[in-house]
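As structure tokens, the structure follows; a few thoughts come after it.
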Amino acid sequence: MSAFFEHLRENLGIQEETNSEPDASPPPKHKRTVRRPPKVSAKKPAAPPSPAPLSESWEKEKGELGVDVYETEGEFVIQSPVAGVTLEGIRVSVEDDMAIIVGHRTNPDPSQKTYRIQECYWGGFSRRVLLPDDVDAEHPRVSMKDGILTIRFSKKPTRETTRVVVET
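Residue 186, in my numbering, is where the sequence shown stops; the numbers in between run on with no holes.
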């Protein structure tokens with residue numbers, strides 16, 4: 019187990035503090051560690067990065083839509099909560115064995131305000147889900163009820179393996 023902690027200390031840049039003077043007190047049960055900051059060159063001070071304001075960076079990026087993906091005996095199903103999105107605000111397509119969901123959630127009150135907590139995502143979102151080989155990707159059934167988007171794909175009938183007799 020000590021090898022694990024040594025590896026962890028090395029990766030975090032933690033060095034053991036050693037005392038070169040003899041000490042009359044009994045040795046501590048646990049070693050004291052000190053985290054030392056990385057060395058910075060005094061020649062040219064590093065300028066701190068200036069990130070874009072949070073609201074601007076959110077507008078440029080698309081959020082990733084959360085999904086549940088499951089299958090039953092006869093179907094492959096993708097479900098996602100899309101509360102606040104109208105049918106006109108969402109597009110579902112299938113390309114290269116991928117189900118693609120793209121949409122936009124519009125803030126109902128876009129006026130300038132100071133948020134105390136902002137957990138709701140407003141703006142564009144998308145999600146890609148890889149489809150298994152055994153589904154009929156050509157005929158998805160898409161529905162939306164009570165803010166839940168559901169995409170259903172029927173499974174292709176499985177072919178039974180035919181045994182071939184080898185002649186001698």
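For every residue, glycine included, the Cβ atom is placed at its ideal position computed from N, Cα and C.
Own chain residues within Cβ distance below 8 Å of residue i, not counting five before or after
i           : result
residue 112 : 118, 149, 155, 156 and 158
residue 132 : none
residue 11  : Lying before the first or after the last residue shown, residue 11 is absent from the chain, which here runs from 19 to 186.
residue 151 : 115
Cut-off 6 Å between Cβ atoms - residues of its own chain near residue i, not counting five sequence neighbours on either side
i           : result
residue 140 : 123 and 125
residue 94  : 153 and 171
residue 109 : 120
residue 101 : 165
residue 107 : 121 and 122
residue 160 : 110 and 169
residue 137 : none
Burial state of residue i (16 or more Cβ within 10 Å)
i           : result
residue 103 : buried
residue 166 : exposed
residue 121 : buried
residue 135 : exposed
Residue i in three-state terms, based on DSSP
i           : result
residue 83  : coil
residue 106 : helix
residue 185 : coil
residue 157 : coil
residue 148 : strand
residue 101 : coil
residue 166 : strand
residue 113 : strand
residue 131 : coil
residue 174 : coil
residue 139 : coil
residue 91  : coil
Contacts around residue i, its chain only, beta-carbon distance under 7 Å, and the 5 residues preceding and following it disregarded
i           : result
residue 83  : 98, 119, 143, 144 and 145
residue 182 : none
residue 96  : 85, 87, 117, 147 and 169
Cβ separation of residue i and residue j, assumed to be a contact under 8 Å, to the nearest whole Å
i          : j           : result
residue 92 : residue 173 : 6 Å
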